[in-house]
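Student: Quick one: the structure is below, questions incoming.
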Amino acid sequence: MIQVKDVSFARENPILEQINLELKAGQILGLVGPSGAGKSTLLKIIAGLLDADSGTVLLKKKPVVGPSKRLVPGHPEIQLVNQDFALDIYHTVAENLRVKANYLPNSACEELVAELLELLDLTNLQHQQAISLSGGEQQRLALGRALAMEPAVILLDEPFAHLDVHLKDRIATYLLALKKVRKTAFILVSHDGQEVLSLADQIAFFYAGKIQRIDTPENFYYQPNSVFEGSFFGTLNVCKLDKKTILFRPNEYRIASTDESDALAVRFQKSRFSGPYYQNYFRVGKSQTIVLFHSESLNHVEKIAIVRKNT
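Counting from 426, one number per residue, gives the positions in the sequence shown under the numbering used here.
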């Protein structure tokens, strides 16, 4: 559906260098990496809101052109939701949604508006002007406007930044339903890889304007290429053993008996309750600290065996 071919962009310094991506209908692609890596810039180019210096973006094999070649920037089948929000600030919340859904017959339009108000927890605010909303409420309204247009592709730049956990889960479920039923394609940008692990089919890891790796969420989590990359997707243990550096997640272990000669000796430090599991902190060697997740405190454990998961 979307193809990004050899896209580069620079200002004083390179921001994007030779980016190549492909997004299929009904697929969610996560873009993860540190701030300033070029992720948001790429979204603007894909949306037709910014001209690339070189390269092409195709939607259904047709070029997506930038503002230099289009009187009104953007593409009707691609919607970008970023931190700019772009609301009709003196219109009500309901009017902001209705204007984007007015391609539908009146009854269907009103049904969709009501559905989005409920989804985004904006029903009680539907008669308020957008300018009076908080930042989080404006972000939800901006997302609703994009969803109301039922585009082929939705680009989401840090969409969960201002949402509480319950609303985040509700919206994530809705996005997954759109992906399945309508075959809507999504690109989700985040500097927090844990946000996209449960949503994305594929993840592209960005650093310094380049894609360093494209892989599945499972492989990014359990097979990190580096400490830097792996740290974006959750707690990562780094253990130097016999002059080798071993990376493993807090659930990649088993409790070993004290007479297992090849097991790793650990010294319990503390436990921290985190709801579904305890974070158990251990010292390895003189100065290394590791964290192990378990349903209870592991204050009795003296040895573990690292068990890497196959993906």
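For every residue, glycine included, the Cβ atom is placed at its ideal position computed from N, Cα and C.
Predicted model only: the values in this text are computed from it and were never measured.
(1) Thinking Leu622 and Phe658 are a contact (beta carbons under 8 Å), I'd like their distance in whole angstroms, please.
(2) Tell me which residues share the same chain as Tyr702 and place their Cβ nearer than 8 Å to its Cβ, disregarding the 5 neighbours each side in the sequence.
(3) Cutting at 6 Å between CB atoms, please list the residues of its own chain near Glu536, excluding the five before and the five after it.
(4) My output table needs one value for Gln563: the three-state DSSP class, helix, strand or coil.
(5) Cβ atoms of Gln627 and Leu454: under 8 Å apart, would you say?
(6) Hey, quick one: how far does the alpha helix (DSSP H) through Ala519 stretch, first residue to last?
(7) Quick check on this structure: which residue in Arg733, Ala688, Val709 has the alpha carbon closest to the alpha carbon of Val672?
(8) Starting from the Cα of Ala577, find the closest Cα among Gly618, Leu624, Lys485 and give me that residue.
(9) Among Phe631, Leu512, Val726, Ala435, whose alpha-carbon lies nearest the alpha-carbon of Ala571?
(10) For Lys487, name the three-state secondary structure that DSSP assigns.
(11) Tell me whether the beta-carbon of Leu475 lies closer than 8 Å to the beta-carbon of Ile612.
(12) So what does DSSP say about Gly451, is it helix, strand or coil?
(13) On a Cα-Cα basis, can you pick out the residue from Ser722, Lys669, Phe707, Tyr646 that is closest to Lys728?
Tutor: On the basis of the data shown:
(1) 6 Å
(2) Phe718, His719, Ser720
(3) none
(4) helix
(5) yes
(6) 518-523
(7) A small fix is needed here, since residue 672 is Leu in this sequence, not Val. Comparing Cα-Cα distances from Leu672 to each of Arg733, Ala688, Val709, the minimum goes to Arg733.
(8) Lys485
(9) Leu512
(10) strand
(11) no
(12) coil
(13) Phe707
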